[in-house]
Each structure stands twice: as structure tokens, then as C-alpha cells.
Amino acid sequence: MNWGDVESALGTSLPASYKSHSEMFGWGEFGNFIEVFSASLEPESGSIVGECRRRQDWADVDDEFASMYAPFELFPSPSGLLIWGAMERGGSLFWETSGEDPNKWPIVAVTEDDRKFSYQMEVSEFIFKCISGGVGPFFVRGEVRSFTPIYSYE
1 MNWGDVESAL GTSLPASYKS HSEMFGWGEF GNFIEVFSAS LEPESGSIVG ECRRRQDWAD
61 VDDEFASMYA PFELFPSPSG LLIWGAMERG GSLFWETSGE DPNKWPIVAV TEDDRKFSYQ
121 MEVSEFIFKC ISGGVGPFFV RGEVRSFTPI YSYE
């Protein structure tokens, strides 16, 4: 993966844990519950660059869409939410891009009914906790603990 190109397209560095995770797994789903977007420049759904741009474009023209993230704004606003994944029932996973060190950005999970939960942990830890017992309201139902690759742009 060419991280320089991806980070340049986003306008920011990304957390090291996301990079490691992406290099190991690529784009895919854990337990049919958490989708981690690809580190791709492709504009298609499932690309961190494409999803970030798509949400910002919606927020630019739809105040109601933008307001569902309040009190946050979307990246590239300072401390804005930068999307990195999605959840089975319509939730979204972001980093709050506060501070200069992306390795310290908290994860913000936004549920399908617009509730927000903040977690000071890395992507892999968040996923592991969801599939091994739960993080707040986020947990994989049943014993499904698998990874399913979706597609590779490479």
C-alpha cells in the first residue's frame, strides 16, 4: 500500500494501528458486524478516501445530514470525525482527529440513532472487544467470529 498517496489524498496521517490492520486484513468485515474500509484511493464505497469525501460532500449540501454528527463536525474540520468503518445496523466508526498525533485519536462510534460513544483505543482493540464480549452497546451477536474479505483494489 502506498500510505503517502492515501494520506496525501486525505490531508492527514493515519493511525499506525489502522495501517497495520489494513496491511494484514485489507477491506473486509468482522463477524458480519464491523466493516473496516480499505486504504485505497478508489472513489468506490468501502474506500476510506471515498467514504470521507462522500460524507463531506453530503454534509456540504444537507444541513440535516451534517447535524447528525453534532457536537462534532466531519473531517477536515479541526477535530473533525474521519470515517474508517461501518457497523451492521447502520452505525459508523470514526476517529476524532483531535491533536497532532493520529495514534492518540479516540474512536467515536455513531449508532444508527445518532448516539455517540468515544473510546480511547486502537482499531484492532475495538474490533477484538466487540467480537469477544462487547464495547458499550457494540457486540457481535452469537459465536460468529470471522473475517470476510470484501474486495481488493490492488
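Residue numbers for the sequence shown follow our numbering, beginning at 1 and rising by one. Positions of the beta carbon are idealized from the N, C-alpha and C atoms, including for glycine. In this text, all values refer to a predicted model and were calculated from it rather than measured experimentally.
In terms of CA proximity to residue 121, 135 leads the group 114, 115, 135.
Around the CB of residue 118, fewer than 16 other CB atoms lie within 10 Å, so the residue is classed as exposed. Take residue 74, set aside five residues on each side of it, and the residues of its chain with a beta-carbon closer than 6 Å to its own are 55, 56, 59, 80, 81, in chain order.
A straight line joining the alpha-carbon of residue 84 with that of residue 93 spans about 6 Å. Shown here, residue 58 sits in a helix according to DSSP, grouped into three states. The closest CA to that of residue 9, considering only 49, 104, 96, 70, is found on 49. Counting C-beta atoms within 10 angstroms of its own C-beta, residue 22 has 16 or more neighbours from the protein chains shown and is therefore classed as buried.
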